[in-house]
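Colleague: Throughout, the working numbering is defined as the position within the sequence shown, counted from one, plus 50. Just so you know, even glycine gets a beta-carbon here, dropped at the ideal spot from N, CA and C.
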Amino acid sequence: VGDNPASQTYVKSKAKACEECGIKSLVYHLNENTTQNELLALINTLNHDDSVHGILVQLPLPDHICKDLILESIISSKDVDGFHPINVGYLNLGLESGFLPCTPLGVMKLLKAYEIDLEGKDAVIIGASNIVGRPMATMLLNAGATVSVCHIKTKDLSLYTRQADLIIVAAGCV
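(1) Taking THR196 as part of the beta strand (DSSP E), name the residues at either end of that continuous run.
(2) Using the three-state DSSP reduction, which class does ILE244 fall into: helix, strand or coil?
(3) Take the Cβ of HIS201 as the centre, count every other Cβ of all protein chains shown within 10 Å, and call the residue buried at 16 or more, exposed below.
(4) Let me know the secondary structure DSSP gives ILE125 once reduced to three states.
(5) Can you round the beta-carbon distance between LEU150 and GLY132 to whole angstroms, since I take them to be within the 8 Å contact cut?
(6) So, for ILE166: in the same chain, excluding its five sequence neighbours on each side, which residues have a beta-carbon less than 8 Å away from its beta-carbon?
(7) So what does DSSP say about ILE181, is it helix, strand or coil?
(8) Compute the distance between the beta-carbons of VAL61 and VAL77, then report whether it is under 7 Å.
(9) Identify, in the order they occur along the chain, each residue of the same chain with its Cβ nearer than 8 Å to the Cβ of GLU122, setting aside the five sequence neighbours on each side.
(10) Within this structure, are the beta carbons of LYS128 and ILE105 separated by less than 7 Å?
(11) Counting along the chain, where does the alpha helix (DSSP H) carrying LEU216 start and finish?
(12) Can you tell me whether VAL224 is helix, strand or coil according to DSSP?
(13) On the CB-based measure, 16 or more other CB atoms within 10 Å of its CB, does LEU145 come out buried or exposed?
(14) Can you name the start and end residues of the beta strand (DSSP E) that ILE175 belongs to?
(15) By alpha-carbon positions, which one of TYR164, ALA195, ALA187 ends up nearest to THR153?
(16) From the DSSP output, in three-state form, read off ILE231 for me.
(17) Looking only at its chain, what residues have a beta carbon closer than 8 Å to the beta carbon of THR196, apart from the 5 residues adjacent to it on each side?
(18) If you run the structure through DSSP and keep just helix, strand and coil, what is ILE105?
(19) With a threshold of 7 Å on Cβ separation, who are the neighbours of ILE115 within its own chain once the five nearest residues in sequence on each side are excluded?
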C-alpha cells in the first residue's frame, strides 16, 4: 500500500524470486489512499480463494491503517511471513507448525549449514522487532542457546557483546 521506494524494491525482488522458483505470484499495488476496510476486503477475498496459498502484506503500511489488525486478518495457514498471532504462538511453543519469519529462519539455516552448535552458547540479538529480533531470539532459545536481546534502551551494549559466543544484528539503524 503506497509508494514507499524501499517497499517497491522488496516487492519486485520477491516477485522475481517467486518467478525464478516457478511460484505464481500476484502483486496487488494499492495506492496510499486505500482505506483499511478496502485492504481488509482484499485480504478476505484472498483468504477464501482456494487458488491462493499464501498472503504477504508488504510493510510498512500508511499511518491510517492498523498494521496489527491487517496482519491478524490473514488466516494463519496463508500467513507466509509468520506474523499472525497463531504462528507466533507456535514458534513460542517450539512447535514445527505454521510459517516462520523468513529472515530469522534463514539465519538458523545458515548456522546449521556451518554446523554451529547452539546448545549452551551465549547469543546476543541486537534489535527487538517483531519481524526479526524477537523471532530470532525465540528460535535460538528453542535451539538451546542462552539469549540476550539488546535494543535502543540497552545501557551498555558492549557488556553483552563482549561475553557473546554469537552476535546477530537485527537493527534497522545502529
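Modeller: Considering the structure as presented:
(1) Numbered from 1 along the sequence shown, position 146 holds the residue referred to as residue 196. Unbroken beta strand (DSSP E) run through THR196: 196 to 200.
(2) Nothing about residue 244 can be reported from this structure: the residues present for the chain run from 51 to 224 only.
(3) As a first step, residue 201 is located in the sequence shown; it is residue number 151 there, counting from the start. Exposed.
(4) Reading the sequence shown from its first residue, position 75 is the one you call residue 125. It is coil, neither helix nor strand.
(5) Here residue 150 refers to the residue found at position 100 of the sequence shown. Here residue 132 refers to the residue found at position 82 of the sequence shown. 5 Å between Cβ atoms; contact.
(6) As a first step, residue 166 must be located in the sequence shown, where it is residue number 116. The residues are LEU216.
(7) Mapped onto the sequence shown, residue 181 falls at position 131. ILE181: coil per DSSP, three-state reduction.
(8) Along the sequence shown, read from residue 1 onward, the residue named residue 61 stands at position 11. Along the sequence shown, read from residue 1 onward, the residue named residue 77 stands at position 27. Result yes, Cβ atoms of VAL61 and VAL77 sit closer than 7 Å.
(9) If you number the sequence shown from 1, residue 122 lands on position 72. The residues are HIS134, PRO135.
(10) Working through the sequence shown from its first residue, we reach residue 128 at position 78. Working through the sequence shown from its first residue, we reach residue 105 at position 55. Yes, the Cβ-Cβ distance between LYS128 and ILE105 is below 7 Å.
(11) On the sequence shown, residue 216 is found 166 positions in, with the first residue counted as 1. It is not in any alpha helix (DSSP H) - LEU216 instead sits in the beta strand (DSSP E) that spans 216 to 219.
(12) Taking the first residue of the sequence shown as position 1, residue 224 is located at position 174. In this prediction, VAL224 has a pLDDT of 48, which is less than 50 and means its spatial position is unreliable; what the coordinates show is noted afterwards. The answer is coil: DSSP assigns VAL224 none of H, G, I, E or B.
(13) The residue given as residue 145 occupies position 95 in the sequence shown. So LEU145 counts as exposed.
(14) Locating residue 175 in the sequence shown gives position 125, where the first residue counts as 1. Per DSSP, ILE175 belongs to the beta strand (DSSP E) from 172 to 176.
(15) Here residue 153 refers to the residue found at position 103 of the sequence shown. Ranking TYR164, ALA195, ALA187 by Cα distance to THR153 puts ALA187 first.
(16) Any question about residue 231 goes unanswered here, given that the chain covers just 51 to 224.
(17) Position 146 of the sequence shown holds residue 196. The residues are GLY170, LYS171, ASP172, ALA173.
(18) Taking the sequence shown and counting its residues from 1, the one referred to as residue 105 is at position 55. The answer is strand: DSSP assigns ILE105 an E or B state.
(19) By one-based count along the sequence shown, residue 115 stands at place 65. Answer for ILE115: VAL51, GLN86, LEU89, listed in chain order.
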